[in-house]
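Enquirer: Residue numbering for the sequence shown is -7 to 413, as defined by the numbering used here. We treat Cβ as the ideally placed atom computed from N, Cα and C, and that holds for glycine. Everything numeric in this text was worked out from a predicted model, so none of it was measured. Shown below is the structure under consideration.
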Amino acid sequence: MQSLSKTLPIMKRHRSKPNLTTTTAPPTPSTPPPPQTLRATPKPQSISSKKPRNILSHLPRPKPIPTHQQGPQTPKWVPLNLSKSELSLPLTFPTGQTFRWKQTDHHNHIQYTGVVGSHLVSLKQLGNGDVAYSFHHTANEASARLALLDFLNAGICLADMWDGFSASDPRFAELARRLGGARVLRQDPLECLVQFLCSSNNNIGRITRMVDFISSLGNYLGTVGGLDFHEFPSLDRLSQVSEEELREAGFGYRAKYIIGTVDALQSKPGGGAEWLASLREIDLQKAIDALSTLPGVGPKVAACIALFSLDQHQAIPVDTHVWQIATRYLIPELAGTRLTPKLCSRVADAFVSKYGKYAGWAQTLLFIAELPSQKTLLLSDSCISGCQKPVKQKGRRSSGPINGDSAQKLGIEDQEADEKL
-7 MQSLSKTLPI
3 MKRHRSKPNL
13 TTTTAPPTPS
23 TPPPPQTLRA
33 TPKPQSISSK
43 KPRNILSHLP
53 RPKPIPTHQQ
63 GPQTPKWVPL
73 NLSKSELSLP
83 LTFPTGQTFR
93 WKQTDHHNHI
103 QYTGVVGSHL
113 VSLKQLGNGD
123 VAYSFHHTAN
133 EASARLALLD
143 FLNAGICLAD
153 MWDGFSASDP
163 RFAELARRLG
173 GARVLRQDPL
183 ECLVQFLCSS
193 NNNIGRITRM
203 VDFISSLGNY
213 LGTVGGLDFH
223 EFPSLDRLSQ
233 VSEEELREAG
243 FGYRAKYIIG
253 TVDALQSKPG
263 GGAEWLASLR
273 EIDLQKAIDA
283 LSTLPGVGPK
293 VAACIALFSL
303 DQHQAIPVDT
313 HVWQIATRYL
323 IPELAGTRLT
333 PKLCSRVADA
343 FVSKYGKYAG
353 WAQTLLFIAE
363 LPSQKTLLLS
373 DSCISGCQKP
383 VKQKGRRSSG
393 PINGDSAQKL
403 GIEDQEADEK
413 L
(Lines of atoms letter the chains of each structure in order from A and count residues from 1; the text may use other names and numbers.)
(Lines give C-alpha, C1' and ligand atoms only; values in the text may rest on other atoms or scores of the structure.)
Protein backbone atom coordinates (compact mmCIF):
# COMPACT_ATOMS: atom_id res chain seq x y z
CA MET A 1 0.00 0.00 0.00
CA GLN A 2 2.89 2.22 -0.02
CA SER A 3 4.66 4.21 -2.69
CA LEU A 4 7.10 6.98 -2.26
CA SER A 5 5.47 9.88 -0.48
CA LYS A 6 6.35 13.47 -1.04
CA THR A 7 6.36 15.94 1.74
CA LEU A 8 5.37 19.55 1.37
CA PRO A 9 7.64 21.95 3.18
CA ILE A 10 5.90 23.11 6.29
CA MET A 11 5.52 26.88 6.38
CA LYS A 12 7.14 28.11 9.56
CA ARG A 13 5.10 30.59 11.44
CA HIS A 14 4.57 31.61 15.01
CA ARG A 15 1.61 29.70 16.33
CA SER A 16 -0.28 31.17 19.23
CA LYS A 17 -1.28 28.51 21.67
CA PRO A 18 -4.87 28.28 22.77
CA ASN A 19 -5.53 29.63 26.23
CA LEU A 20 -5.99 26.42 28.20
CA THR A 21 -6.65 28.08 31.55
CA THR A 22 -9.45 30.39 30.57
CA THR A 23 -12.62 30.13 32.57
CA THR A 24 -14.83 31.40 29.79
CA ALA A 25 -17.04 28.62 28.48
CA PRO A 26 -16.77 27.88 24.75
CA PRO A 27 -19.79 28.34 22.51
CA THR A 28 -22.53 25.91 23.32
CA PRO A 29 -24.26 23.63 20.86
CA SER A 30 -27.80 24.47 19.94
CA THR A 31 -29.30 21.24 21.20
CA PRO A 32 -28.97 19.17 24.38
CA PRO A 33 -27.20 15.82 24.71
CA PRO A 34 -29.18 12.60 25.15
CA PRO A 35 -29.96 11.26 28.61
CA GLN A 36 -27.32 8.93 30.05
CA THR A 37 -29.43 5.83 30.17
CA LEU A 38 -26.80 3.30 29.11
CA ARG A 39 -24.15 1.76 31.29
CA ALA A 40 -21.14 4.03 31.61
CA THR A 41 -17.71 2.85 30.64
CA PRO A 42 -14.49 4.47 31.82
CA LYS A 43 -13.07 7.24 29.67
CA PRO A 44 -9.45 6.81 28.57
CA GLN A 45 -7.17 9.10 30.55
CA SER A 46 -4.03 9.09 28.43
CA ILE A 47 -2.68 8.05 25.09
CA SER A 48 0.68 6.57 26.00
CA SER A 49 1.92 4.51 28.92
CA LYS A 50 3.98 7.52 30.05
CA LYS A 51 0.76 9.28 31.07
CA PRO A 52 1.54 12.68 29.53
CA ARG A 53 -0.25 15.76 30.75
CA ASN A 54 -3.70 16.09 29.22
CA ILE A 55 -3.59 19.51 27.61
CA LEU A 56 -7.38 19.60 27.41
CA SER A 57 -7.97 18.98 31.11
CA HIS A 58 -8.38 22.70 31.85
CA LEU A 59 -10.78 23.35 28.99
CA PRO A 60 -14.37 23.61 30.27
CA ARG A 61 -16.65 21.32 28.32
CA PRO A 62 -19.39 23.17 26.46
CA LYS A 63 -22.72 22.77 28.20
CA PRO A 64 -25.89 22.03 26.26
CA ILE A 65 -28.60 24.63 26.03
CA PRO A 66 -31.50 23.56 28.28
CA THR A 67 -34.88 22.88 26.69
CA HIS A 68 -38.39 22.33 27.96
CA GLN A 69 -37.79 18.58 27.91
CA GLN A 70 -36.54 17.23 31.22
CA GLY A 71 -35.97 13.81 32.70
CA PRO A 72 -35.09 10.52 31.01
CA GLN A 73 -36.19 10.15 27.43
CA THR A 74 -36.71 6.91 25.55
CA PRO A 75 -34.75 6.86 22.28
CA LYS A 76 -36.89 6.89 19.17
CA TRP A 77 -35.75 3.98 17.00
CA VAL A 78 -36.55 4.21 13.30
CA PRO A 79 -35.94 1.37 10.81
CA LEU A 80 -33.13 2.15 8.38
CA ASN A 81 -34.41 -0.36 5.82
CA LEU A 82 -31.04 -2.08 5.68
CA SER A 83 -30.95 -5.77 6.56
CA LYS A 84 -28.07 -7.49 8.33
CA SER A 85 -26.83 -8.74 4.96
CA GLU A 86 -26.52 -5.10 3.85
CA LEU A 87 -25.16 -3.66 7.11
CA SER A 88 -23.59 -5.59 9.95
CA LEU A 89 -22.53 -3.16 12.67
CA PRO A 90 -19.78 -5.34 14.22
CA LEU A 91 -18.34 -6.12 10.77
CA THR A 92 -18.27 -2.45 9.78
CA PHE A 93 -17.34 -0.19 12.71
CA PRO A 94 -14.64 -1.96 14.76
CA THR A 95 -12.62 -3.14 11.76
CA GLY A 96 -10.18 -0.26 11.28
CA GLN A 97 -12.10 2.02 8.88
CA THR A 98 -13.03 4.56 11.52
CA PHE A 99 -12.09 5.10 15.13
CA ARG A 100 -14.91 7.45 16.17
CA TRP A 101 -17.78 4.98 16.56
CA LYS A 102 -18.21 3.29 19.95
CA GLN A 103 -20.20 0.34 21.17
CA THR A 104 -22.68 1.85 23.64
CA ASP A 105 -24.82 -1.15 24.60
CA HIS A 106 -22.93 -4.25 25.72
CA HIS A 107 -25.92 -6.21 27.01
CA ASN A 108 -29.25 -6.19 25.20
CA HIS A 109 -28.43 -5.22 21.63
CA ILE A 110 -25.57 -4.64 19.24
CA GLN A 111 -25.46 -0.86 19.31
CA TYR A 112 -22.89 1.65 18.08
CA THR A 113 -22.93 5.42 18.49
CA GLY A 114 -21.05 8.01 16.48
CA VAL A 115 -21.18 11.38 14.78
CA VAL A 116 -22.11 12.14 11.18
CA GLY A 117 -21.38 15.79 10.48
CA SER A 118 -23.04 17.56 13.39
CA HIS A 119 -25.48 14.73 14.12
CA LEU A 120 -25.08 12.38 17.08
CA VAL A 121 -26.67 9.05 16.16
CA SER A 122 -26.94 5.52 17.49
CA LEU A 123 -27.41 2.45 15.29
CA LYS A 124 -28.87 -0.77 16.66
CA GLN A 125 -29.03 -4.26 15.18
CA LEU A 126 -32.55 -5.52 15.88
CA GLY A 127 -33.49 -9.07 16.77
CA ASN A 128 -34.38 -9.86 13.16
CA GLY A 129 -31.02 -8.52 11.97
CA ASP A 130 -32.35 -5.26 10.54
CA VAL A 131 -30.80 -1.95 11.56
CA ALA A 132 -32.58 0.95 13.26
CA TYR A 133 -31.27 4.43 14.01
CA SER A 134 -31.92 7.08 16.65
CA PHE A 135 -30.78 10.70 16.44
CA HIS A 136 -30.20 12.02 19.93
CA HIS A 137 -30.91 15.57 18.89
CA THR A 138 -31.26 17.18 15.52
CA ALA A 139 -33.12 20.14 14.12
CA ASN A 140 -33.87 18.44 10.81
CA GLU A 141 -34.21 14.67 11.04
CA ALA A 142 -34.89 14.24 7.31
CA SER A 143 -31.61 15.96 6.43
CA ALA A 144 -29.78 14.03 9.14
CA ARG A 145 -31.11 10.73 7.79
CA LEU A 146 -29.85 11.55 4.30
CA ALA A 147 -26.43 12.37 5.76
CA LEU A 148 -26.42 9.03 7.60
CA LEU A 149 -27.34 7.07 4.47
CA ASP A 150 -24.59 8.87 2.56
CA PHE A 151 -22.07 8.04 5.31
CA LEU A 152 -23.09 4.37 5.13
CA ASN A 153 -22.76 4.23 1.34
CA ALA A 154 -26.33 2.93 1.40
CA GLY A 155 -26.77 3.46 -2.33
CA ILE A 156 -24.44 0.51 -3.01
CA CYS A 157 -26.13 -2.91 -2.85
CA LEU A 158 -23.88 -5.47 -1.18
CA ALA A 159 -25.93 -8.44 -2.40
CA ASP A 160 -25.34 -7.53 -6.05
CA MET A 161 -21.67 -6.87 -5.38
CA TRP A 162 -21.14 -10.20 -3.61
CA ASP A 163 -22.83 -12.01 -6.50
CA GLY A 164 -20.32 -10.47 -8.87
CA PHE A 165 -17.38 -11.36 -6.63
CA SER A 166 -18.63 -14.93 -6.21
CA ALA A 167 -18.79 -15.39 -9.98
CA SER A 168 -15.05 -14.68 -10.23
CA ASP A 169 -14.04 -16.26 -6.91
CA PRO A 170 -16.05 -19.22 -5.48
CA ARG A 171 -14.59 -18.50 -2.05
CA PHE A 172 -16.70 -15.36 -1.87
CA ALA A 173 -20.00 -17.25 -1.86
CA GLU A 174 -19.25 -18.64 1.60
CA LEU A 175 -17.56 -15.48 2.83
CA ALA A 176 -20.62 -13.45 1.91
CA ARG A 177 -22.84 -15.91 3.77
CA ARG A 178 -20.80 -15.64 6.95
CA LEU A 179 -19.58 -12.05 6.65
CA GLY A 180 -22.41 -10.35 4.79
CA GLY A 181 -23.00 -6.76 5.81
CA ALA A 182 -19.33 -5.73 5.98
CA ARG A 183 -19.72 -2.30 4.43
CA VAL A 184 -17.17 0.33 3.37
CA LEU A 185 -18.04 3.75 4.80
CA ARG A 186 -18.02 7.15 3.07
CA GLN A 187 -16.44 9.38 5.68
CA ASP A 188 -15.69 13.08 5.70
CA PRO A 189 -12.28 13.37 3.98
CA LEU A 190 -10.66 15.63 6.62
CA GLU A 191 -11.88 13.40 9.44
CA CYS A 192 -10.61 10.30 7.63
CA LEU A 193 -7.25 11.91 6.82
CA VAL A 194 -6.50 12.89 10.42
CA GLN A 195 -7.53 9.48 11.73
CA PHE A 196 -5.14 7.68 9.41
CA LEU A 197 -2.31 10.08 10.21
CA CYS A 198 -2.77 8.82 13.77
CA SER A 199 -2.70 5.21 12.55
CA SER A 200 0.90 5.26 11.32
CA ASN A 201 2.85 2.35 12.90
CA ASN A 202 0.26 2.13 15.66
CA ASN A 203 -2.39 -0.15 17.18
CA ILE A 204 -6.14 0.24 17.40
CA GLY A 205 -6.33 1.13 21.10
CA ARG A 206 -3.77 3.92 20.89
CA ILE A 207 -5.13 5.19 17.58
CA THR A 208 -8.57 5.45 19.17
CA ARG A 209 -7.25 7.43 22.14
CA MET A 210 -5.45 9.82 19.81
CA VAL A 211 -8.56 10.30 17.68
CA ASP A 212 -10.65 10.85 20.82
CA PHE A 213 -8.17 13.53 21.87
CA ILE A 214 -8.42 15.32 18.51
CA SER A 215 -12.22 14.93 18.47
CA SER A 216 -12.55 16.60 21.87
CA LEU A 217 -11.41 19.85 20.24
CA GLY A 218 -14.73 19.96 18.39
CA ASN A 219 -18.17 20.97 19.62
CA TYR A 220 -19.54 18.73 22.36
CA LEU A 221 -22.72 16.98 21.18
CA GLY A 222 -23.69 14.72 24.04
CA THR A 223 -22.96 11.68 26.16
CA VAL A 224 -24.14 8.14 25.46
CA GLY A 225 -23.19 5.14 27.54
CA GLY A 226 -20.86 7.29 29.61
CA LEU A 227 -18.89 8.30 26.50
CA ASP A 228 -18.64 11.89 25.27
CA PHE A 229 -19.15 12.60 21.58
CA HIS A 230 -17.97 15.65 19.65
CA GLU A 231 -18.32 17.06 16.19
CA PHE A 232 -14.99 16.65 14.41
CA PRO A 233 -13.02 19.91 14.67
CA SER A 234 -12.74 22.18 11.66
CA LEU A 235 -9.46 22.89 9.91
CA ASP A 236 -9.36 26.33 11.54
CA ARG A 237 -9.78 24.77 14.99
CA LEU A 238 -7.05 22.23 14.30
CA SER A 239 -4.71 25.05 13.27
CA GLN A 240 -4.86 26.42 16.82
CA VAL A 241 -3.09 23.35 18.23
CA SER A 242 0.70 23.26 18.26
CA GLU A 243 3.06 20.38 17.62
CA GLU A 244 4.37 20.73 21.18
CA GLU A 245 0.90 20.25 22.62
CA LEU A 246 0.29 17.11 20.58
CA ARG A 247 3.66 15.69 21.58
CA GLU A 248 2.87 16.33 25.24
CA ALA A 249 -0.39 14.45 24.69
CA GLY A 250 1.49 11.38 23.44
CA PHE A 251 1.27 11.68 19.64
CA GLY A 252 5.02 11.31 19.17
CA TYR A 253 6.38 11.89 15.66
CA ARG A 254 2.82 11.93 14.30
CA ALA A 255 2.38 15.40 15.83
CA LYS A 256 4.54 17.07 13.18
CA TYR A 257 2.66 15.27 10.41
CA ILE A 258 -0.72 16.43 11.69
CA ILE A 259 0.44 20.02 12.12
CA GLY A 260 2.23 19.99 8.76
CA THR A 261 -0.81 18.56 6.98
CA VAL A 262 -3.12 21.15 8.56
CA ASP A 263 -0.77 23.94 7.40
CA ALA A 264 -0.57 22.44 3.91
CA LEU A 265 -4.35 22.15 3.63
CA GLN A 266 -4.88 25.73 4.77
CA SER A 267 -2.62 26.93 1.96
CA LYS A 268 -4.70 25.20 -0.72
CA PRO A 269 -6.59 27.55 -3.08
CA GLY A 270 -10.24 27.55 -2.11
CA GLY A 271 -9.55 25.86 1.22
CA GLY A 272 -8.37 22.46 2.37
CA ALA A 273 -11.81 20.91 2.82
CA GLU A 274 -12.77 21.83 -0.74
CA TRP A 275 -9.46 20.51 -2.07
CA LEU A 276 -9.97 17.16 -0.34
CA ALA A 277 -13.54 16.88 -1.63
CA SER A 278 -12.31 17.59 -5.17
CA LEU A 279 -10.25 14.38 -5.06
CA ARG A 280 -13.52 12.48 -5.39
CA GLU A 281 -13.76 13.73 -8.97
CA ILE A 282 -10.40 12.50 -10.30
CA ASP A 283 -9.01 9.06 -10.99
CA LEU A 284 -7.41 6.93 -8.27
CA GLN A 285 -3.74 7.38 -9.11
CA LYS A 286 -4.07 11.17 -9.31
CA ALA A 287 -5.85 11.15 -5.94
CA ILE A 288 -3.11 8.98 -4.41
CA ASP A 289 -0.42 11.27 -5.82
CA ALA A 290 -2.19 14.38 -4.52
CA LEU A 291 -2.66 12.96 -1.02
CA SER A 292 0.96 11.80 -0.95
CA THR A 293 2.13 15.42 -1.13
CA LEU A 294 0.81 15.93 2.42
CA PRO A 295 3.24 15.42 5.31
CA GLY A 296 3.07 11.90 6.73
CA VAL A 297 0.87 10.52 3.95
CA GLY A 298 2.41 7.62 2.06
CA PRO A 299 0.70 5.33 -0.46
CA LYS A 300 -0.81 3.06 2.22
CA VAL A 301 -2.42 5.91 4.16
CA ALA A 302 -3.43 7.59 0.90
CA ALA A 303 -5.17 4.41 -0.28
CA CYS A 304 -7.06 4.16 3.04
CA ILE A 305 -8.26 7.76 2.70
CA ALA A 306 -9.19 7.20 -0.95
CA LEU A 307 -11.19 4.04 -0.20
CA PHE A 308 -12.92 5.18 2.99
CA SER A 309 -13.76 8.79 2.06
CA LEU A 310 -13.12 9.66 -1.60
CA ASP A 311 -15.32 7.19 -3.54
CA GLN A 312 -12.22 5.43 -4.90
CA HIS A 313 -13.76 1.97 -4.53
CA GLN A 314 -10.92 0.18 -6.28
CA ALA A 315 -8.24 1.53 -3.90
CA ILE A 316 -6.25 -1.25 -2.20
CA PRO A 317 -4.45 -0.33 1.05
CA VAL A 318 -1.52 -2.76 1.03
CA ASP A 319 0.29 -3.74 4.22
CA THR A 320 1.97 -6.98 5.16
CA HIS A 321 -1.33 -8.64 6.12
CA VAL A 322 -2.94 -7.78 2.77
CA TRP A 323 0.27 -8.99 1.13
CA GLN A 324 -0.16 -12.36 2.89
CA ILE A 325 -3.75 -12.58 1.66
CA ALA A 326 -2.68 -11.75 -1.89
CA THR A 327 0.10 -14.34 -1.99
CA ARG A 328 -2.23 -17.03 -0.66
CA TYR A 329 -5.09 -16.49 -3.08
CA LEU A 330 -4.14 -14.16 -5.94
CA ILE A 331 -0.40 -14.29 -6.68
CA PRO A 332 0.87 -17.48 -4.99
CA GLU A 333 3.97 -17.45 -7.17
CA LEU A 334 5.26 -14.59 -4.98
CA ALA A 335 4.77 -16.44 -1.69
CA GLY A 336 7.88 -16.24 0.45
CA THR A 337 9.17 -13.01 -1.05
CA ARG A 338 9.37 -9.79 0.90
CA LEU A 339 6.94 -6.98 0.20
CA THR A 340 8.50 -3.95 -1.49
CA PRO A 341 7.00 -0.67 -2.75
CA LYS A 342 7.13 -2.01 -6.31
CA LEU A 343 5.23 -5.16 -5.31
CA CYS A 344 2.54 -3.03 -3.62
CA SER A 345 1.41 -1.93 -7.08
CA ARG A 346 1.34 -5.53 -8.24
CA VAL A 347 -0.86 -6.50 -5.29
CA ALA A 348 -3.30 -3.68 -6.06
CA ASP A 349 -3.38 -4.66 -9.74
CA ALA A 350 -4.08 -8.30 -8.80
CA PHE A 351 -7.09 -7.30 -6.69
CA VAL A 352 -8.49 -5.01 -9.38
CA SER A 353 -7.96 -7.65 -12.07
CA LYS A 354 -9.86 -10.20 -9.98
CA TYR A 355 -12.66 -8.10 -8.51
CA GLY A 356 -13.04 -5.05 -10.75
CA LYS A 357 -14.00 -1.49 -9.85
CA TYR A 358 -15.11 -2.44 -6.32
CA ALA A 359 -11.90 -4.32 -5.54
CA GLY A 360 -11.42 -2.27 -2.36
CA TRP A 361 -14.65 -3.68 -0.96
CA ALA A 362 -13.54 -7.22 -1.79
CA GLN A 363 -10.20 -6.63 -0.10
CA THR A 364 -12.00 -5.30 2.98
CA LEU A 365 -14.06 -8.48 3.31
CA LEU A 366 -11.00 -10.70 2.83
CA PHE A 367 -9.21 -8.64 5.48
CA ILE A 368 -12.07 -9.02 7.96
CA ALA A 369 -12.10 -12.76 7.29
CA GLU A 370 -8.53 -12.87 8.63
CA LEU A 371 -9.51 -11.51 12.05
CA PRO A 372 -9.13 -14.27 14.68
CA SER A 373 -12.74 -13.78 15.78
CA GLN A 374 -13.91 -14.65 12.26
CA LYS A 375 -11.15 -16.97 11.10
CA THR A 376 -12.01 -19.65 13.66
CA LEU A 377 -15.54 -19.88 12.31
CA LEU A 378 -14.41 -19.89 8.70
CA LEU A 379 -11.77 -22.58 9.15
CA SER A 380 -14.31 -24.88 10.80
CA ASP A 381 -16.52 -24.77 7.73
CA SER A 382 -16.04 -27.58 5.24
CA CYS A 383 -16.73 -25.32 2.27
CA ILE A 384 -13.92 -22.95 3.07
CA SER A 385 -11.52 -25.77 3.85
CA GLY A 386 -12.43 -27.32 0.52
CA CYS A 387 -11.62 -24.17 -1.43
CA GLN A 388 -8.19 -23.27 -2.64
CA LYS A 389 -5.77 -23.92 0.18
CA PRO A 390 -3.36 -21.20 1.20
CA VAL A 391 0.19 -21.55 -0.05
CA LYS A 392 2.62 -21.93 2.82
CA GLN A 393 5.06 -19.06 2.77
CA LYS A 394 8.72 -19.97 3.17
CA GLY A 395 11.60 -18.07 4.63
CA ARG A 396 9.49 -15.63 6.63
CA ARG A 397 8.51 -15.72 10.24
CA SER A 398 4.87 -15.05 10.98
CA SER A 399 4.12 -11.65 12.36
CA GLY A 400 1.55 -13.01 14.78
CA PRO A 401 -2.22 -12.64 14.74
CA ILE A 402 -4.15 -9.44 14.57
CA ASN A 403 -5.39 -8.67 18.05
CA GLY A 404 -9.07 -9.67 18.16
CA ASP A 405 -11.21 -6.95 16.66
CA SER A 406 -8.19 -4.67 16.50
CA ALA A 407 -8.12 -5.02 12.77
CA GLN A 408 -4.84 -3.33 12.01
CA LYS A 409 -2.65 -4.21 14.99
CA LEU A 410 0.62 -5.46 13.55
CA GLY A 411 3.49 -7.45 14.99
CA ILE A 412 6.80 -5.61 15.36
CA GLU A 413 8.19 -7.22 12.22
CA ASP A 414 5.20 -6.08 10.19
CA GLN A 415 5.25 -2.59 11.68
CA GLU A 416 8.82 -2.12 10.55
CA ALA A 417 8.05 -3.50 7.09
CA ASP A 418 4.97 -1.31 6.66
CA GLU A 419 6.86 1.79 7.74
CA LYS A 420 9.32 1.30 4.86
CA LEU A 421 6.62 0.94 2.19
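#1: Measure the alpha-carbon distance for Ala247 versus Asn194 and round it to whole angstroms.
#2: Assess, as a yes-or-no matter, whether the stretch 247 to 264 is touched by the stretch 280 to 287 under the definition of 3 or more beta carbon pairs within less than 8 Å.
#3: Going by DSSP, what residue range makes up the alpha helix (DSSP H) through Val108?
#4: If you run the structure through DSSP and keep just helix, strand and coil, what is Val176?
#5: Determine the contact status of Ser126 and Val186, defining contact as a CB-CB distance below 8 Å.
#6: Going by the DSSP bridge assignment, what does Val112 pair with across the sheet?
#7: Output the distance between the C-alpha atoms of Gln179 and Phe300, rounded to the nearest integer angstrom.
#8: Going by DSSP, what residue range makes up the beta strand (DSSP E) through Lys68?
#9: Just list the residues that DSSP pairs Gly214 with in beta bridges.
#10: Under a three-way DSSP split, which group does Gln304 fall into?
#11: Write down the C-beta distance between Gln304 and Leu276 rounded to the nearest angstrom, noting that I regard them as a contact closer than 8 Å.
#12: For Asn145, count the other beta carbons within 10 Å of its own beta carbon; 16 or more makes it buried, fewer makes it exposed. Which is it?
#13: Quick check on Lys76: does DSSP put it in helix, strand or coil?
#14: For Trp154, tell me which candidate among Tyr350, Leu363, Ala361, Pro364 has the shortest Cα-Cα distance.
#15: If you reduce the DSSP assignment to three classes, tell me which class Gln277 lands in.
#16: With C-beta atoms as the reference, is Phe188 less than 8 Å away from Val107?
#17: Starting from Lys94, trace the beta strand (DSSP E) both ways and give me its first and last residue.
#18: Between the beta-carbon of Leu171 and the beta-carbon of Leu227, is there less than 8 Å?
#19: What first and last residue would you give for the alpha helix (DSSP H) that runs through Arg169?
#20: Give the C-beta separation of Leu140 and His128 to the nearest angstrom, bearing in mind that I take them to be a contact with Cβ-Cβ under 8 Å.
#21: Taking the alpha carbon of Thr332 as the reference point, which residue from Val314, Ser345, Gly242 has its own alpha carbon closest?
#22: Which residues bound the alpha helix (DSSP H) around Lys260?
#23: Between the stretch 256 to 266 and the stretch 196 to 209, can you find at least three pairs of beta-carbon atoms closer than 8 Å?
#24: Expressed to the nearest angstrom, what Euclidean distance is found between the alpha-carbon atoms of Asn73 and Ser114?
#25: Helix or strand or just coil, what does DSSP make of Ala124?
#26: Compare the Cα-Cα distances from Leu213 to each of Ser337, Ser110, Trp93 and report the closest residue.
#27: For Gln117, which beta-bridge partners are listed by DSSP?
#28: Is the Cβ-Cβ distance between Lys94 and Gly173 less than 8 Å?
#29: Check this for me: beta carbons of Gln306 and Val339, under 8 Å apart or not?
#30: For Gln258, which residues in the same chain have their Cβ closer than 7 Å to its Cβ, ignoring the five residues on either side in sequence?
#31: Which two residues bound the contiguous alpha helix (DSSP H) that contains Arg272?
Expert: Considering the structure as presented:
#1: 13 Å
#2: As far as the Cβ criterion goes, the stretch 280 to 287 touches the stretch 247 to 264, which means the pair count is three or higher.
#3: Per DSSP, Val108 belongs to no alpha helix (DSSP H); it is in the beta strand (DSSP E), 102 to 108.
#4: Three-state result, Val176: coil.
#5: no
#6: The sequence given here places Leu at residue 112; Val does not occur at that position. In the DSSP output, where bridge partners are listed per residue, Leu112 has Val107, His129.
#7: 6 Å
#8: Per DSSP, Lys68 belongs to no beta strand (DSSP E) and is neither H nor E.
#9: Phe221
#10: coil
#11: 5 Å
#12: buried
#13: coil
#14: Tyr350
#15: helix
#16: No, the Cβ-Cβ distance between Phe188 and Val107 is not below 8 Å.
#17: 94 to 97
#18: no
#19: Per DSSP, Arg169 belongs to the alpha helix (DSSP H) from 163 to 171.
#20: Between His128 and Leu140 the Cβ distance is about 13 Å, and since that is not below 8 Å, they are no contact.
#21: Taking only the C-alpha atoms, the option nearest Thr332 is Val314.
#22: Taken as a continuous stretch (DSSP letters only), Lys260 belongs to no alpha helix (DSSP H), as it is neither H nor E.
#23: no
#24: 15 Å
#25: strand
#26: Ser110
#27: Ile102, Val123
#28: no
#29: no
#30: Leu227, Ser231, Gly264
#31: Element bounds for Arg272: n/a, residue is neither H nor E.
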